[in-house]
Amino acid sequence: MAGPAHAAELLVRVLAEGQPVADAVVSLHGPPRSPPEAPGRAILDQRNSAFEPGVFAIRVGTEVEFPNSDSVQHQVYSFSEARPFELPLYSGTPPDPILFDRPGVVVVGCNIHDWMVGHIVVLDTPYFGKTDADGLVRLEAPAGEYGLRAWHARLSAEQPELGLALDEGHETELVLRLELRPEAPTRRGSERLRMLQDRLRKAGTGR
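Residues in the sequence shown are numbered consecutively from -3, following our numbering.
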């Protein structure tokens, strides 16, 4: 996420076993500064029976809309302590967004399609970003001292906070190495199975 003009810059490369790590959320935490802009709203879509994006980083106070762009209905929910919620079976866009007012990781799923899993990382800082396919993320923040934190869905243990100082007008480069659990086999069902589930659901609900 971009910071203010004339800010210090930080380029982080995230690796695991020497390979780039995509979808790692990297954030900077420091002393309170002048209040940033209000978080506003964000969108977590559902396409092809999957959450898009699968990893979604937002600030505390963000309202998230959960449109369903599929031709089938979904029932989105979370039991996570940071923000439990449930959206009854629906298509299109629910009338009210969900407010995420506490920091933490919110795991979301669909009661109808159990292979659908997404992660919403709610952060109490405006300085964060998500690594790309090359494991890179660029952050901007006012010069000063920060604690750097990293999160990934397959992180094997909590990553200790790393202290660093950023100087205005300079770009700091950092390599961050994570220990990740092996990637689990995909749980995504086949198209035929999805069609059967939807047909049985519609027969049971009359929709």
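Idealized CB from N, CA, C, for every residue including glycine.
The model shown is predicted, which means the values in this text are computed figures rather than measured ones.
Check your understanding: Tell me the DSSP bridge mates of residue 64?
Key -> Residue mapping note: residue 64 aligns to position 68 of the sequence shown, counting from 1. Its beta-bridge partners are 42 and 88.
**Study point:** Proximal residues to residue 29 (C-beta, below 7 Å), its chain only, five neighbours per side dropped
**Key:** As a working mapping, residue 29 is identified with position 33 in the sequence shown. Excluding sequence neighbours, residue 29 sits near 138.
Practice item. Entirely within the segment 122 to 186 and at least 3 residues each: give me those beta strand (DSSP E) ranges in chain order. Key: 124 to 126, 132 to 137, 140 to 147, 158 to 162 and 167 to 173
Check your understanding: Considering only the beta carbon of each residue, do residue 99 and residue 56 sit closer than 7 Å?
Key -> For the purposes of this step, residue 99 is identified with residue 103 of the sequence shown, where counting begins at 1. For the purposes of this step, residue 56 is identified with residue 60 of the sequence shown, where counting begins at 1. Going by C-beta atoms, residue 99 is nearer than 7 Å to residue 56.
Point to revise | residue 83, DSSP secondary structure in three states | key: Mapped onto the sequence shown, residue 83 falls at position 87. Here residue 83 sits in coil by DSSP.
Practice item. Would you mind working out which of 38, 8, 16 and 129 sits nearest residue 116, comparing C-alpha positions? Key: Stepping through the sequence shown from its first residue, residue 116 is reached at position 120. That would be 38, whose Cα lies nearest to the Cα of residue 116.
Check your understanding: Taking C-alpha atoms, which residue in 166, 160, 167 and 156 lies nearest to residue 175?
Key -> Your numbering for residue 175 matches position 179 in the sequence shown. Residue 156 is the option with its Cα nearest to residue 175.
**Study point:** Distance between residue 15 and residue 151 (C-alpha atoms, nearest Å)
**Key:** Indexing the sequence shown from 1 puts residue 151 at position 155. Indexing the sequence shown from 1 puts residue 15 at position 19. Going from the Cα of residue 151 to the Cα of residue 15 covers about 14 Å.
**Study point:** Distance between beta carbons of residue 18 and residue 127, contact taken as under 8 Å
**Key:** Counting from one through the sequence shown, the residue named residue 127 turns up at place 131. Counting from one through the sequence shown, the residue named residue 18 turns up at place 22. 6 Å between Cβ atoms; contact.
Check your understanding: Can the beta-carbon of residue 22 be found less than 7 Å from the beta-carbon of residue 125?
Key -> One-based indexing of the sequence shown puts residue 22 at position 26. One-based indexing of the sequence shown puts residue 125 at position 129. Contact flag set, yes.
Check your understanding: Between which two residues does the beta strand (DSSP E) carrying residue 53 extend?
Key -> For the purposes of this step, residue 53 is taken as residue 57 along the sequence shown, with counting starting at 1. Per DSSP, residue 53 belongs to the beta strand (DSSP E) from 51 to 55.
Point to revise | Contact the segment 101 to 117 vs the segment 43 to 56: 3+ CB pairs below 8 Å | key: yes
Exercise for review: Out of 162, 45 and 70, point me to the one whose CA is closest to residue 90's CA.
Suggested key: Looking up residue 90 in the sequence shown gives position 94. The candidate whose alpha carbon is nearest that of residue 90 is 70.
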